[in-house]
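One structure is given here, and the rest of the page talks about it.
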Amino acid sequence: MSAPVRIGVTPGIDIWSRPWEQRRQAIDLVVDAGIDHVFFADHVSFRVGHGHDGMVTAAAVANLHPTIGIYLGVYLLPLRHPILVARQLANLSEMAPGRVSFGIGVGGDDRHEVEICGVDPRTRGKRTDESLQIIQRLLSGETVDHEGEFFSFEQARIVPIPDPPIPVYVGGRADAALKRAGRYADGWLGIWCSTSRYTQSLAIFEQEAAEAGRTIQADHGIQLWVGVGEDQTEAAAYVGPAMEGFYRVPFEKFSRYTPHGTVDDIVNFLEPYLEAGCRHFNLTPVAASAEQGIEAIGEVGERLRRIAD
Numbered sequence: 000m001s002a003p004v005r006i007g008v009t010p011g012i013d014i015w016s017r018p019w020e021q022r023r024q025a026i027d028l029v030v031d032a033g034i035d036h037v038f039f040a041d042h043v044s045f046r047v048g049h050g051h052d053g054m055v056t057a058a059a060v061a062n063l064h065p066t067i068g069i070y071l072g073v074y075l076l077p078l079r080h081p082i083l084v085a086r087q088l089a090n091l092s093e094m095a096p097g098r099v100s101f102g103i104g105v106g107g108d109d110r111h112e113v114e115i116c117g118v119d120p121r122t123r124g125k126r127t128d129e130s131l132q133i134i135q136r137l138l139s140g141e142t143v144d145h146e147g148e149f150f151s152f153e154q155a156r157i158v159p160i161p162d163p164p165i166p167v168y169v170g171g172r173a174d175a176a177l178k179r180a181g182r183y184a185d186g187w188l189g190i191w192c193s194t195s196r197y198t199q200s201l202a203i204f205e206q207e208a209a210e211a212g213r214t215i216q217a218d219h220g221i222q223l224w225v226g227v228g229e230d231q232t233e234a235a236a237y238v239g240p241a242m243e244g245f246y247r248v249p250f251e252k253f254s255r256y257t258p259h260g261t262v263d264d265i266v267n268f269l270e271p272y273l274e275a276g277c278r279h280f281n282l283t284p285v286a287a288s289a290e291q292g293i294e295a296i297g298e299v300g301e302r303l304r305r306i307a308d
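So the sequence shown is numbered by numbering that gives the first Met the number 0: it starts at 0 and just counts up by one.
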């Protein structure tokens, strides 16, 4: 049996500059649209210093609504100490039991961000692997002694442990990320890939999971920007400048991986990923207003669930 189809959305990058009541209303709008979770990125000091700490954001969302899912997508794990991360996850689980999903990535879009955290960018992958092993042992209830390449300690313990367990997703485009997901995660979170590459990626995940002796019901996802408008031209005029401002790369580099247009256009773009095995969709809408974007993603989610059924 496949995992259920889930839809996530970013409620607007300006949400944390709004008064508290407007923040709560924004999350209420997401819930009313039938969206399963909100997701958000994590940065320490991106490009010229921007960022929101993923754990802080997750705690804030947990206290804005009693049921909405909370998805860290993705948390830059190699920039942190794994014992501290395990503690934060355990506390989040206490605040919002069964609502937290932990997506991780190795970062690197801004090498300077990695370097100022005292991390050699060349070690990001190995640090992440070691950290995942430590976190999963701690959150399973073990008292951990560890002597590794990057971390060494004795008698580390985290209580209480999350109940239910927090699902882990590994994001990234490279084969290394797929293999990491197959070894340690509940699923892979794709980004910037065609449907054919998505299908190939899931095969790599399955092979790595089998070689690691794991038998799981995988829950794979994809994370995409989305332009919403009356037609594709209008939608591109919304999402293109937003992406160019964030990534400092021309929209032409991203357009083939970015659904934009009407709800029909967006569903038609996403349906092949659903057929390939994608079960959750993290979508960042850009529209005439944040409200219109959220409402459109709610419609997209309803359509995708009907297709899956």
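Positions of the beta carbon are idealized from the N, C-alpha and C atoms, including for glycine.
All values derive from a computational prediction rather than experimental measurement.
{"Query": "Closest residue to glycine 170 among Leu76, Val225, Thr9 (Cα-Cα distance)", "Result": "Leu76"}
{"Query": "Closest Cα partner of tryptophan 224 within the set Ala209, Phe101, Tyr246", "Result": "Tyr246"}
{"Query": "C-alpha gap between serine 254 and glycine 239, whole angstroms", "Result": "8 Å"}
{"Query": "Rounded C-alpha distance that separates leucine 303 from glycine 244", "Result": "30 Å"}
{"Query": "With 16 other Cβ atoms within 10 Å as the buried cut-off, status of histidine 111", "Result": "exposed"}
{"Query": "9 Å Cβ cutoff, proline 3 in contact with chain D", "Result": "Among the chains in the structure shown there is no chain D, since it carries only a single protein chain."}
{"Query": "Endpoints, the beta strand (DSSP E) within which proline 249 is located", "Result": "No beta strand (DSSP E) holds proline 249; DSSP gives it neither H nor E."}
{"Query": "Secondary structure, alpha helix (DSSP H): runs of 4+ residues fully inside the stretch 117–151", "Result": "123–138"}
{"Query": "Proximity of glycine 104 and alanine 176 at Cβ, strictly below 9 Å", "Result": "yes"}
{"Query": "Valine 55: first and last residue of the uninterrupted alpha helix (DSSP H) it sits in", "Result": "53–61"}
{"Query": "Distance, valine 167 Cα to proline 10 Cα", "Result": "22 Å"}
{"Query": "Helix, strand or coil at glutamine 206 according to DSSP, with G and I counted as helix", "Result": "helix"}
{"Query": "Closest Cα partner of glutamate 141 within the set Ala85, Gly7, Ala307", "Result": "Ala85"}
{"Query": "Cα-Cα separation between isoleucine 221 and cysteine 277, rounded to whole angstroms", "Result": "7 Å"}
{"Query": "Bounding residues of the beta strand (DSSP E) (the contiguous stretch that carries leucine 223)", "Result": "219–227"}
{"Query": "Outcome for glycine 7 when other beta-carbon atoms lying within 10 angstroms are tallied against a minimum of 16", "Result": "buried"}
{"Query": "The stretch 17–35 touching the stretch 288–296, judged by at least three CB pairs closer than 8 Å", "Result": "yes"}
{"Query": "DSSP-derived helix/strand/coil call for threonine 9", "Result": "coil"}
{"Query": "Cβ-Cβ distance between valine 143 and phenylalanine 152 below 9 Å", "Result": "yes"}
{"Query": "Opening and closing residue of the alpha helix (DSSP H) in which leucine 78 lies", "Result": "Counting along the chain, leucine 78 falls outside any alpha helix (DSSP H), and DSSP gives it neither H nor E."}
{"Query": "Nearest to valine 4 (by Cα), restricted to the options Ala289, Ala287, Leu273", "Result": "Leu273"}
{"Query": "Which residues DSSP lists as bridging alanine 287, in chain order", "Result": "Bridge partners of alanine 287: none, in fact."}
{"Query": "Local conformation of glycine 33 per DSSP, three classes", "Result": "coil"}
{"Query": "Length of the line joining the Cα atoms of aspartate 263 and glycine 292", "Result": "14 Å"}
{"Query": "Collapsed DSSP secondary structure at phenylalanine 253 in the structure displayed", "Result": "coil"}
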